[in-house]
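Undergrad: In this note's numbering, the protein residues as written are 38 to 106.
We put the beta carbon where it would ideally sit given N, CA and C, even for glycine.
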Ligand SMILES: [Zn+2]
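1) Kindly indicate which residue of 94, 69, 51, 92 has the alpha-carbon position closest to the one of residue 43.
2) Does the beta carbon of residue 95 sit closer than 8 Å to a beta carbon anywhere in chain D?
3) Report whether the distance from the Cβ of residue 54 to the nearest heavy atom of ligand 1 is below 7 Å.
4) Considering only the alpha carbon of each residue, which of 41, 65, 52 lies closest to residue 87?
5) Which residues mark the beginning and the end of the beta strand (DSSP E) in which residue 80 is found?
6) So what does DSSP say about residue 48, is it helix, strand or coil?
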């Protein structure tokens, strides 16, 4: 990745767009913040972040299996 970015775990009130966050009433959000500008480049609620993390891990596992096969 070319751009440095920071991952921040914050209460929903700190979200740039709390109304867009999610439909499951999560009270926490994970923000991806571009450095050094401080611009919020992405946000995920905790449930979406968990789902995405699982999908990423699965893809990585599958990918490494396929590469070593
Ligand atoms: Zn949510």
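TA: Answer, in terms of the structure:
1) Closest by alpha carbon: 69.
2) No chain D appears in this structure, which consists of one protein chain only.
3) No.
4) The candidate whose alpha carbon is nearest that of residue 87 is 65.
5) According to the DSSP assignment, residue 80 belongs to the beta strand (DSSP E) that extends over 77–82.
6) In this structure, residue 48 counts as strand in the three-state DSSP scheme.
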